[in-house]
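Peer 1: If you count the sequence shown from 1, position 82 lands on 82 in the UniProt record's numbering, and the numbers rise without skipping.
Cβ coordinates follow ideal geometry from the N, Cα and C atoms, glycine included.
Because the structure is a prediction, the values reported are computed rather than measured.
One structure coming up, written as structure tokens, with questions to follow.
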Amino acid sequence: MTRGKSLSDDLRGAILNMARTLDVYAICHYTGCKKRTVEGILEDYRKKGTVMREHLKLEMRGAKRSMSIGDIRFITSLVRHSPDVYLDELREQLEDTRGSEVSEATIWRTLKRCGFTMKKVCLS
Numbered sequence: 001m002t003r004g005k006s007l008s009d010d011l012r013g014a015i016l017n018m019a020r021t022l023d024v025y026a027i028c029h030y031t032g033c034k035k036r037t038v039e040g041i042l043e044d045y046r047k048k049g050t051v052m053r054e055h056l057k058l059e060m061r062g063a064k065r066s067m068s069i070g071d072i073r074f075i076t077s078l079v080r081h082s083p084d085v086y087l088d089e090l091r092e093q094l095e096d097t098r099g100s101e102v103s104e105a106t107i108w109r110t111l112k113r114c115g116f117t118m119k120k121v122c123l124s
């Protein structure tokens with residue numbers, strides 16, 4: 001089953017306001033939303049106290065990251081200090097200093113996600 005388009009925060013707020021005086025079927029009639037959608041929004045409000053997507057703090061999908069924020073800050077500071085450092089050296093320093101055992105591929109993906117590239121600067 002595919003997920004549909006998510007509703008805007010304005011419509012979610014309007015549905016919540018309508019729920020104070022109208023039943024679910026009337027809300028469906030006025031908004032054009034399905035009954036289950038309205039029920040889901042009201043259920044989110046009862047469970048989490050808000051219906052706004054930006055405040056729901058959706059769970060991070062996928063596997064748990066193997067590097068902590070501190071590990072990421074550590075390797076980015078190492079790369080900024082010495083840009084010509086190798087991935088195996090970063091891995092060894094990370095293991096010795098922070099105790100984190102990760103692969104070189106993980107370090108490379110993390111640096112790439114942080115905006116680092118392998119472009120060489122040409123000084124002329």
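#1: Taking R12 as the reference, which of I27, T21 and D23 has the closest Cα?
#2: Note down, in chain order, each residue of its chain lying with its Cβ closer than 7 Å to the Cβ of V24, except the 5 sequence neighbours on either side.
#3: Which of the three DSSP states is assigned to K48 in this structure?
#4: Hey, quick one: how far does the alpha helix (DSSP H) through M18 stretch, first residue to last?
#5: Using a Cβ-Cβ cut-off of 7 Å (strictly less than) and excluding sequence neighbours within five positions of G116, which residues of its own chain qualify?
Peer 2: According to the data block:
#1: In the sequence shown, the residue the question calls residue 12 occupies position 12. For the residues I27, T21 and D23, the minimum Cα distance to R12 belongs to I27.
#2: One-based indexing of the sequence shown puts residue 24 at position 24. Around V24: K35, V38 and E39.
#3: Here residue 48 refers to the residue found at position 48 of the sequence shown. Under the three-state reduction of DSSP output, K48 falls in the helix class.
#4: One-based indexing of the sequence shown puts residue 18 at position 18. D9 to M18 is the span of the alpha helix (DSSP H), which, as asked, contains M18.
#5: To locate residue 116, count along the sequence shown from 1; it is residue 116. Per the sequence presented here, residue 116 reads as Phe, with Gly not at that position. Once the five neighbours on either side are set aside, the close Cβ partners of F116 are V79.
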